[in-house]
Amino acid sequence: MGKRVIVITGGGGFIGGHLAAKFLAAGHEVRCADIKPLDEWYQVHRGAKNFAGAMRGDCRDFKVCRTICRGADEVYQLAADMGGMGFIENNKALCMLSVLTNTHMILAAQEAGVDRFFYASSACVYNADKQKDPNITALKEADAYPALPEDGYGWEKLFSERMCRHFREDFGLHARVARFHNVYGPHGTWEGGREKAPAAICRKVIAAKVSGKHEIEIWGDGTQTRSFMFIDDCTKGIEMITHSDILEPINLGSSELVSINQLVDIAEDIAGIKLERHYKLDAPRGVAGRNSDNTKINQYLNWEPNIRLRDGMERTFNWIYEQFTAKYTAKTAHKSSVSTFTKGSHPIPGDGFNPESKNMKTWKQGIPAGWGGAPVKAPAKTAKKSAKKARARR
Ligand code: NAD
Ligand code: GDC
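Counting in my numbering, the sequence shown tops out at residue 395, every number present.
This is the structure we're talking about:
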């Protein structure tokens, strides 16, 4: 394959930044787009054409999508408003809004006649009933249906991956979809509230080491299980899947299952310390167990993600350690756990995920204030004045 023009949305984020590096190194022309201003991108590649910020890089805007896709050979749709459990459980509306980005990017890619469209889906599309036990049977691709995905984020992903299928069937778009299982590595989110467990645990262990306060807060009881995929496996898998004949959504994840307690063991071992563990049982926990069944990817590609968790964690830990110590001291280390986003969503009764939701008596209790409850009235005077003004304008 010769030199290609490649578009990466979410290029200022974790996976997008690594993917751009990979394609630039291979000699391709790369365009990165991200809604964040350039100085907030995790990696800025000078060799790429960078579309940054609300005016040039917001892929909810169809005009932006058209501009970046014009003349492109391949599009990698990674842009999403997302994060770990702490973010997606509390910001379901924001997660669902990524549907605008996915819709406009797939339309623009179709219009530009691209050769390949890659969509980053998630293991969060899988049916919650199949993930109730920490000793989980690994998730097969067929386990997404009948649908009971993660509320908000997972529903949006399931919808968008289905949109890829229909664009392929009806319009002939060469769409490829991978369901990522928890990805980690250097140059990813490690604080602020959107970080996932591997980065969060590294940061907490580092904070304990730096501050000398040898304690750690773990969300849930630590028995919940996951598999974690190192970033190099992720970018390798994306490239292979995109250029394959795999038409249905496929797992892209590690099958090395660990409990969160074991993940903490690994981080402690790397740091060379032992911490007193405190379990926060009311924190966002997500599913009880999740692992990737890699039968299909092995059949198709004769490969599966294979970087050992211990090795990937060591590289991640060392990178976060550098970031952490450049920003915090022993005295300020505790500030690293402050979350910078506000809670938007409330648990929905019966959604199968929030333990809190089981105690709710009516569906209305799950709806944010001002929605479905008593209407928020404008002060009488202002209401009268604006009615008068409106009449005068008519
Ligand atoms: P990330 O948050 O680091 O990167 C996503 C980027 O998208 C961010 O930089 C963000 O600013 C950008 N973005 C958000 N809204 C945008 C918009 N309207 N226009 C342009 N850019 C916008 O996340 P990541 O880990 O790199 O994830 C990349 C993709 O992979 C996402 O679609 C995510 O849902 C998916 N995914 C990631 C994981 C994981 O564990 N990291 C797991 C499953 C799926
Ligand atoms: O956030 P996450 O990595 O997402 O959490 C994994 C488990 O680790 C959860 O049970 C969580 O309660 C626990 N945990 C313990 N302590 C902490 O300090 C912490 N921070 C975090 N974040 N978690 C902690 C993810 C989604 C992604 C993506 C992948 C796909 O779900 O958040 O957006 O789509 O799944 O696999 P996780 O694995 O539940």
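We put the beta carbon where it would ideally sit given N, CA and C, even for glycine.
- Exclusion of THR68 from the 7 angstroms shell around the ligand NAD follows from its C-beta lying no nearer than that to any non-hydrogen atom of the ligand.
- Between the segment 223-240 and the segment 157-176, the count of Cβ pairs shorter than 8 angstroms is below three; the stretches do not touch.
- ALA179 is bridged by DSSP to ALA121, ILE251.
- With contact defined as three or more Cβ pairs closer than 8 angstroms, the segment 111-125 and the segment 58-78 are in contact.
- Shown here for ALA268: same chain residues with a beta carbon closer than 7 angstroms to its own, the five before and five after excluded, namely ILE202, CYS203, VAL206, MET314, PHE318 in chain order.
- Taking GLY87 as the centre and dropping the five residues before and after it, the same chain places the C-beta of GLY194, PRO285 closer than 6 angstroms to its C-beta, in chain order.
- Minimum Cα-Cα distance from GLY3 among the listed residues PHE15, HIS29, GLY12 corresponds to HIS29.
- At a threshold of 7 angstroms, HIS182 counts as near the ligand GDC, since its beta carbon sits closer than that to one of the ligand's heavy atoms.
- Residues of the same chain with a CB within less than 6 angstroms of the CB of TRP320, apart from the 5 flanking positions on each side, are PRO187 in chain order.
- Counting only the Cα atoms, ARG316 lies some 39 angstroms from LYS64.
- At a Cβ-Cβ threshold of 8 angstroms, SER255 and PRO199 do not count as neighbours.
- No Cβ-Cβ contact shorter than 8 angstroms links CYS125 with PRO147.
- The segment 84-104 and the segment 135-145 do not touch, with fewer than 3 CB-CB distances between them shorter than 8 angstroms.
- Minimum Cα-Cα distance from ARG5 among the listed residues PHE24, LEU20, ARG57 corresponds to PHE24.
- Shortest gap from the CB of ALA94 to any heavy atom of the ligand GDC: 7 angstroms or more.
- Scanning its chain for C-beta atoms nearer than 8 angstroms, with the 5 sequence neighbours on each side dropped, one finds around ARG309 the residues GLU257, in chain order.
- For MET86, the shortest separation between its Cβ and any heavy atom of the ligand GDC lies below 7 angstroms.
- Residue burial is scored here from C-beta neighbours: ASP134 has fewer than 16 other C-beta atoms within 10 angstroms and is therefore classed as exposed.
- About 14 angstroms separates the beta carbons of HIS46 and THR236, which is beyond the 8 angstroms limit, so they are not a contact pair.
- Judged by beta-carbon spacing, MET230 lies within the 8 angstroms limit of ASN183, meaning their Cβ atoms are closer than that value.
- Nearest to ASP130 by C-alpha distance, out of GLN324, GLY72, ARG291, SER340, is ARG291.
- At the C-beta level, ALA145 and ALA334 stay beyond 8 angstroms of one another.
- Here the alpha carbons of ASP246 and LYS281 stand approximately 45 angstroms from one another.
- In this structure, ASP59 has its CB closer than 7 angstroms to one or more heavy atoms of the ligand NAD.
- The C-alpha of ALA327 is placed about 17 angstroms away from the C-alpha of ASP40.
- Boundaries of the beta strand (DSSP E) around PHE52: 50-53.
- Under the three-state reduction of DSSP, TYR301 is assigned to helix.
- Placement of the Cβ of PHE15 at a distance of less than 7 angstroms from at least one heavy atom of the ligand NAD is found.
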